[in-house]
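This report concerns only the one structure given below.
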Amino acid sequence: MSRRSEISMLVTDESIGFYQYVNVPNKSKSGYIELEKGIVEYGYIKDPSLFLNKLKTLFKTYQIKPNRIELIVHDQNLLVREIEISKDVLLRKSIDQYLSEQQDKAVHFPFEKPTFSHYIKSNNEHSLSVLVLVADESLLQDYHDVFDRVGVKEVTFDLSSLSLYQLYTAKTKNQLKNAMLVSIYERMLTIQIVDGNLP
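As structure tokens, then:
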């Protein structure tokens, strides 16, 4: 089994893929396993036991036993919004509190139970420009539950655009301020813009 304990993983409706970065030439590892139709649909796990079996097979085939997984949240399961927040409002509450209170008022999320993260893009004396990343909490929790059953101790979530950008800069040593990334999947094409290391 590989001693490296961290992998990045992307799940599509058709496959589970992973990448394990090692900072030694030709030592990084990657692979995938195909999924039968109906195990995952639109990024949502529909058959947890079959998904778990496929995950175990993937780990055994490539001799990996990660204790940390960075799950790449598929673009179709993520909403990115930029909002302005008055600094006066932030004197009384945090950004997270503000976003929670504004749900279905000023900020509309397409998920029944959204979970979000944010990055401050810029600020001036009156307001902050905040990049809000929104995902379906139940989708993320379903993955977390399956990973827990294979002994994964920590699960983090990332954007495909940032992961591709970071992989590109690590492999090529090119530091781009801006980039346009095009990803082609079996039934989908996505175009992502990275501007100043932010999506």
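If you read the sequence shown in the numbering used here, its first letter stands for residue 1057, the second for the next number, and so on.
Don't be surprised by glycine CBs; every beta carbon is placed ideally from N, CA and C.
Computed from a predicted model, the values in this text were never measured in an experiment.
Three or more Cβ pairs closer than 8 Å define a contact, and the segment 1074-1082 falls short of that threshold against the segment 1096-1113. Between the alpha carbons of Leu-1232 and Ala-1226 lies a distance of about 11 Å. For Val-1067, the enclosing beta strand (DSSP E) begins and ends at 1062-1067. Distance between His-1174 and His-1130, taken at the CA atoms: about 17 Å. Relative to the Cα of Leu-1111, the nearest Cα in the group Val-1250, Val-1206, Thr-1068 and Asn-1230 belongs to Val-1206.
In the DSSP annotation of this structure, the continuous segment of the beta strand (DSSP E) that includes Leu-1189 starts and ends at 1183-1192. Residue state for Pro-1104 is assigned as helix, using DSSP reduced to three classes.
Its chain contains Pro-1122, Asn-1123 and Arg-1124 as the residues whose beta carbon lies nearer than 7 Å to that of Ser-1061, once the 5 sequence neighbours on both sides are disregarded; these appear in chain order. Here Arg-1148 carries a coil assignment [DSSP, helix/strand/coil]. For Asn-1079, no beta strand (DSSP E) run applies, since DSSP gives it neither H nor E.
Per DSSP, Ser-1178 is one residue of the beta strand (DSSP E) stretching across 1170-1179.
Asn-1133 sits in a helix when the DSSP states are folded into three classes. Contact between Phe-1074 and Leu-1127 fails: their C-beta atoms lie close to 10 Å from each other, not under 8 Å.
Under the three-state reduction of DSSP output, Asn-1109 falls in the helix class. Secondary structure note for Leu-1091: it is in no beta strand (DSSP E), with a DSSP letter that is neither H nor E. Here Ser-1185 really is in contact with Glu-1140; their C-beta atoms are around 6 Å apart, less than 8 Å. The continuous stretches of beta strand (DSSP E) do not include Gln-1159, and DSSP gives it neither H nor E. Taking 8 Å as the cut-off, the Cβ atoms of Ala-1191 and Thr-1212 do not count as close. With a cutoff of 8 Å on beta-carbon distance, Ser-1216 and Leu-1066 are scored as near each other. Judged by their CB atoms, Thr-1117 and Ile-1072 are not nearer to each other than the 8 Å cut-off.
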